[in-house]
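Asker: Take this structure first; my questions come after.
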Amino acid sequence: MTGPIGLYLHIPFCRQRCDFCAFYLELHRDAAVEPFLRALKTEIRLQAEQEGITGRAFQSVYFGGGTPTALRASQLTDILAAVRRAMRLTPACEITVEAHPGTVTRSDLAALAEAGVNRISFGAESMQDDELLRIGRPALAQETVAAVRSAREAGFTSVNLDLMYGLPGQSVESWNRTLSECLALAPDHLSCYALTVEAGTRLAHDIRHGRRQAPDESLQIEMDQTAQALLSGAGYHRYEISNYARTGFACRHNLLYWTNGDYLGLGPSAQSFVRGARFGNIANLSAYQAALAGNRPPIQERTVLTEKEQVRDAVIFGLRLGRGIPTRLLREHAINYGCTTKLADLRARQLIEEDGDHSRLSARGRLHADSVAEELY
Amino acid sequence: MDLERERGITIKAHAVAIRYKAKDGKTYALHLIDTPGHVDFTYEVSRSLAACEGSLLLVDATQGVQAQTIANVNLAMANKHVIIPVINKIDLASADVENTKRSISDVLMLDASDAMPISAKEGRGVPEVLEAIIERIPPPSGDPNAPLKALIFDSWFDNYQGVIVLTRIVDGAVRPGMKIKVMSNGRTFEVMEVGQFTPKRVKKTELLTGEVGYLCANMKEVADVKIGDTITDAVQPTSEPFPGYKEVKPLVFCGLYSTDTAKYEDLRDALVKLRLNDSSFVYEPETSLALGFGFRCGFLGLLHMEIIQERLEREYGLTLITTAPTVVYRVTTTKGEVLEIDNPAELPPPNSIQSFEEPFILATVITPERYMGAILQLCQERRGIQRSIHFLDPTRVMISYEMPLNEVILDFYDKLKSRTQGYASLDYELLGYRESDLVKLDILLNGEAVDALSFITHRDRSYPRGRQLAEKMKELIPRQMFEIAIQAAIGNKIIARETIGAMKKNVTAKCYGGDITRKRKLLEKQKEGKKRMKAVGSVEVPQEAFLAILKVGEE
Chain A
293 MTGPIGLYLH IPFCRQRCDF CAFYLELHRD AAVEPFLRAL KTEIRLQAEQ
343 EGITGRAFQS VYFGGGTPTA LRASQLTDIL AAVRRAMRLT PACEITVEAH
393 PGTVTRSDLA ALAEAGVNRI SFGAESMQDD ELLRIGRPAL AQETVAAVRS
443 AREAGFTSVN LDLMYGLPGQ SVESWNRTLS ECLALAPDHL SCYALTVEAG
493 TRLAHDIRHG RRQAPDESLQ IEMDQTAQAL LSGAGYHRYE ISNYARTGFA
543 CRHNLLYWTN GDYLGLGPSA QSFVRGARFG NIANLSAYQA ALAGNRPPIQ
593 ERTVLTEKEQ VRDAVIFGLR LGRGIPTRLL REHAINYGCT TKLADLRARQ
643 LIEEDGDHSR LSARGRLHAD SVAEELY
Chain B
9 MDLERERGIT IKAHAVAIRY KAKDGKTYAL HLIDTPGHVD FTYEVSRSLA
59 ACEGSLLLVD ATQGVQAQTI ANVNLAMANK HVIIPVINKI DLASADVENT
109 KRSISDVLML DASDAMPISA KEGRGVPEVL EAIIERIPPP SGDPNAPLKA
159 LIFDSWFDNY QGVIVLTRIV DGAVRPGMKI KVMSNGRTFE VMEVGQFTPK
209 RVKKTELLTG EVGYLCANMK EVADVKIGDT ITDAVQPTSE PFPGYKEVKP
259 LVFCGLYSTD TAKYEDLRDA LVKLRLNDSS FVYEPETSLA LGFGFRCGFL
309 GLLHMEIIQE RLEREYGLTL ITTAPTVVYR VTTTKGEVLE IDNPAELPPP
359 NSIQSFEEPF ILATVITPER YMGAILQLCQ ERRGIQRSIH FLDPTRVMIS
409 YEMPLNEVIL DFYDKLKSRT QGYASLDYEL LGYRESDLVK LDILLNGEAV
459 DALSFITHRD RSYPRGRQLA EKMKELIPRQ MFEIAIQAAI GNKIIARETI
509 GAMKKNVTAK CYGGDITRKR KLLEKQKEGK KRMKAVGSVE VPQEAFLAIL
559 KVGEE
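Order-wise, the sequence lines are chains A and B.
So in the numbering used here, the last spot in the first sequence is 669, and the numbers never skip.
So in the numbering used here, the last spot in the second sequence is 563, and the numbers never skip.
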């Protein structure tokens, strides 16, 4: 009766904050790491014994952040060892680490691979140095090239590159170049994110004061189309709005988010969805550590979803997938929430299309995924 | 009422009967009525005053005489009251008793030499006030042997006992079992219960000449027992009712719609119930192309309108869309018919209008002198005609303007308060109807006129109004997947246009664990917001946009 479950570990440290980033993080200090690791290990132990978790085999482990590789490789493998001691992983478990291409060394990568990490995700963002500079990201395109090569040498068979488009000063032409240069590295997976101006970031501040230009919607749409054309031509399948992969390389962990799968999130600010309950950890490192020092789960918010709400979420987030969701599920949701007319309207406006027994967002629907979600919520 | 406590205002009259042992050793029965002070309730106040022999004029020692103080003092004088000025809130640091006294004598022309300083909060000075009531206010002078003659000065609806009437017995007495008659409509009832508020409700065997109390007589609607009416003995009636009874007429109208069209019945039930309690507001069904089925409702004034709307939402759990308030216009058609128009949608076509009249008021504003310029400018902008400017003392001035009521109901009061940092007070009285050069301004969304957004305005003000309104609508209507054209038009003539560009994309780029939590919260919030939206054609229009006319010209 229990479906698949994945484990997310939030490493809340970065060397510095990029201008567009609104995630919870702390600037990395050596002294801050040990207390965090202690707390995280306590949390791993506590959660492993929780009802709904205990006895289940995790099909994926994902180290995100922050910057996981702000920690030393030994610290990361140490966490992974703690996970293995407390929890069961499936034999084919996908284990991903997000890495900053500029700060991860060849020996780090080898150590991670040695410990069983089998997927590496590099935050390349752009392959143009001037663009990286303009978003306050301390990296060089050359570092990404080197990092991918090292990862392959270390034995990683699954490599992802994160890219952003609509960056200040970026043109369709330079975006094309970034894509081509990435393709030359033959990654297995590419995430292409439209730059989003999040409230409270330096980018938002600068835009408000006229110091930087807000991303141009039309330009981003053009870049989105460019990426789709180029990447599908190169054999990558767009399996989610922002994600492309070669066959067999879709991220199993991330798929859980869109298929109503279970995921347990550990670390400050991490969110979980286990057996119909959504809960989240406090987004504050010291409060997180204090709770765990007292053997209390650092959970701040917990909502138990009704079955109808679970179907609704499965629809809202499942529609983001390239293959969509079973049409039967969509119909069930529309009846549950009395929005059959709205659904018919979304179809008539060609925002949702049917393919066999599945329904998905059309190309135009993908551009308006949030509006569609609003209509159906 | 919660609303009264929250806003610090009196909406309904309250009566209390107390027994007081005075310094002369005798025990007196005192009946005190607390009345509303706002201009919307002037008629109710006048009837409460008619039920009394004298008034305590309460003036806030920190605020001094307000515009509505003058109106209420005039009412008390018209009722030939002995007026005892009382200066309250002397416990506050900013209290200025001497200045308040001066303004009572200068502005109200009352002898303020024996005005009584009190702190009602601390009880300081209150015994002296009670003594002054006994010394200075005459006792009631009715005839206990005459037939029953009682004045209704308030009423409300109780779920178990029906209407409860607050009344002053002027002649005779009333006791349970008696058959009584309401003189304006001749309806008769049998009295079930009488009593007084002390302030606790206490049943009594009878109410005697001179007393104030309540009675219940199985009355089903407050409309049967309107304020100012006379109650008498059905068997042996009094010859003359009290003078001064009148039907109050609503001055301000607006459309009320449930955001959820399925809740139309709930809205109607709520209106029926509220009207049981308040016969001064009226409603009738209306249909809007844009908003569906709703009601056109009439109110005594703006405060009254706000109170009713708030009570509907709060006490009956409704979510309402309200259209901009309007006054009652008078139109004479070319055929010679006279129409009263309380809904712009019902205005006959321009070529069949012979003459167009609108109500004018005399507005009185009292303000610190330093804001005089700002107020004169505001009154001029609103088509005011200056009547007088009068210095009350070196720092305060009383300004009188004749003004069209339609300019006042929109947002005059808010503007007055904001331009004077809340110091100015406003009162007004109706002057009557005057002919005006008025036009109907329509708002079109993607070419479709939205009837609920139409309003009547003076021709000279129509162009800037139309332009500002279109601009404001552009701010208030969120971008949608298609372009939205907003036009302001008089007849077939477009006088302003704004365009809301289409939203080209709306998609969350990253959608993982934490993003999902955030997204769900956002969707939840948007869903709440949607409840306040109305689809006009394919355009989703938020509630605020229907009141955009009130927001025109705001920074």
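Glycine included, each C-beta is placed from N, C-alpha and C at the ideal position.
The structure presented is a predicted model; accordingly, all values stated were derived computationally and were not measured.
Closer than 7 angstroms by beta-carbon distance: list the chain A residues that pair up with Met489/B, in chain order.
Answerer: His660 and Ser663
Asker: Applying the criterion that 16 or more other CB atoms from any shown protein chain within 10 Å of the CB defines a buried residue, is Arg304/B buried or exposed?
Answerer: buried
Asker: What residue range is occupied by the uninterrupted beta strand (DSSP E) comprising Pro383/A?
Answerer: Arg380 to Ala391
Asker: Tell me whether Leu335/B sits in a helix, a strand or coil according to DSSP, three-state version.
Answerer: Contrary to the premise, residue 335/B reads as Val rather than Leu in this sequence. Three-state DSSP puts Val335/B in coil, outside helix and strand.
Asker: Does any residue of chain A have a CB that is nearer than 8 angstroms to the CB of Tyr520/B?
Answerer: yes
Asker: Using only the alpha-carbon positions, how far apart do Glu563/B and Gln476/B sit?
Answerer: Because Glu563/B sits at a pLDDT of 37, beneath the cut-off of 50, its placement in the model cannot be relied upon, and the following sentence gives the value as read from the coordinates. About 12 angstroms.
Asker: Quick one: what does DSSP say Pro293/B is sitting in, helix, strand or coil?
Answerer: strand
Asker: Closest to Glu5/B by CA distance: which of Tyr409/B, Arg378/B and Val458/B is it?
Answerer: Outside the displayed span of chain B (9 to 563) sits residue 5/B, for which this structure offers no information.
Asker: At 8 angstroms on the CB atoms, spell out the chain A contacts of Gln534/B, in chain order.
Answerer: Neighbours of Gln534/B on chain A, chain order: Glu666 and Tyr669.
Asker: How should Gln342/A be labelled, buried or exposed, when 16 other C-beta atoms within 10 angstroms of its C-beta is the threshold for buried?
Answerer: exposed
Asker: Can you say whether Arg377/A is buried or exposed, counting buried as having 16 or more other CB atoms within 10 angstroms of its CB?
Answerer: exposed
Asker: Would Ile126/B and Asn107/B qualify as a contact pair, given that the criterion is a beta-carbon distance under 8 angstroms?
Answerer: For Ile126/B and Asn107/B, no; Cβs fall outside 8 angstroms.
Asker: So, is the C-beta of Ile141/B closer than 8 angstroms to a C-beta in chain A?
Answerer: no
Asker: Excluding sequence positions up to five away, which residues of its chain have a Cβ less than 8 angstroms from the Cβ of Val134/B?
Answerer: Ile126 and Ala128
Asker: For the segment 476-495 of chain A, list every residue whose C-beta sits within 9 angstroms of some C-beta in chain B, in sequence order.
Answerer: Ser483, Cys484, Tyr485, Ala486, Leu487 and Thr488
Asker: Anyone know if the C-beta pair for Gln420/A and Ser483/A falls short of 8 angstroms?
Answerer: no
Asker: Under the rule that 16 or more other beta-carbon atoms within 10 Å means buried, what is Gly572/A, buried or exposed?
Answerer: So Gly572/A counts as buried.
Asker: Is the Cβ of Thr294/A closer than 8 angstroms to any Cβ of chain B?
Answerer: no
Asker: Does the separation of the CB atoms of Ile498/B and Met481/B fall below 8 angstroms?
Answerer: no
Asker: Give me the Cα-Cα distance between Asn153/B and Gly180/B, rounded to the nearest whole angstrom.
Answerer: 6 angstroms
Asker: To which residues of the same chain is Leu424/A closer than 6 angstroms at the C-beta, ignoring the five residues directly before and after it?
Answerer: Ser418 and Ala431
Asker: Looking at chain B, is there any beta carbon in it that lies within less than 8 angstroms of the beta carbon of Gln642/A?
Answerer: Interface criterion not met: the Cβ of Gln642/A is under 8 angstroms from no Cβ in chain B.
Asker: What residues of chain B sit near Gly572/A, judged by a beta carbon separation below 7 angstroms?
Answerer: Thr525
Asker: Quick check: is the beta carbon of Thr206/B nearer than 8 angstroms to any beta carbon in chain A?
Answerer: no
Asker: Which residues of chain B have a Cβ atom closer than 9 angstroms to the Cβ of Phe609/A, listed in chain order?
Answerer: Cys519, Ile524 and Lys527
Asker: Are the segment 653-661 of chain A and the segment 508-527 of chain B touching by the rule of at least three beta carbon pairs closer than 8 angstroms?
Answerer: yes
Asker: Cα separation between Tyr222/B and Thr175/B?
Answerer: Their backbone Cα atoms lie some 6 angstroms apart in a straight line.
Asker: Can you name the start and end residues of the alpha helix (DSSP H) that Cys474/A belongs to?
Answerer: Val464 to Leu475
Asker: Taking DSSP as the reference, what is the three-state secondary structure of Asn351/B?
Answerer: coil
Asker: Counting contacts by CB-CB distance shorter than 8 angstroms, is Asn546/A in contact with chain B?
Answerer: yes
Asker: Using a Cβ cut-off of 9 angstroms, pull out every chain B residue sitting near Ile533/A, in sequence order please.
Answerer: Result: Val515, Thr516, Ala517 and Cys519.
Asker: Exposed or buried, what is Gly33/B when buried is set at 16 or more other beta-carbons lying within 10 Å of its beta-carbon?
Answerer: exposed
Asker: Of all the alpha helix (DSSP H) runs that stay within the bounds of the segment 246-324 of chain B, which reach a length of 4 or more residues?
Answerer: 272-285 and 310-324
Asker: For a contact defined as C-beta to C-beta under 8 angstroms, what are the partners of Lys512/B on chain A?
Answerer: Glu509, Ser510, Ile513 and Leu659
Asker: Using Cβ-Cβ distances below 7 angstroms, what residues of the segment 539-569 of chain A are close to chain B?
Answerer: Asn546, Tyr549, Tyr555, Gly557, Ser561, Ala562 and Gln563
Asker: Roughly how many angstroms separate the alpha carbons of Leu284/B and Ser163/B, rounded to a whole number?
Answerer: Cα to Cα, Leu284/B sits roughly 10 angstroms from Ser163/B.
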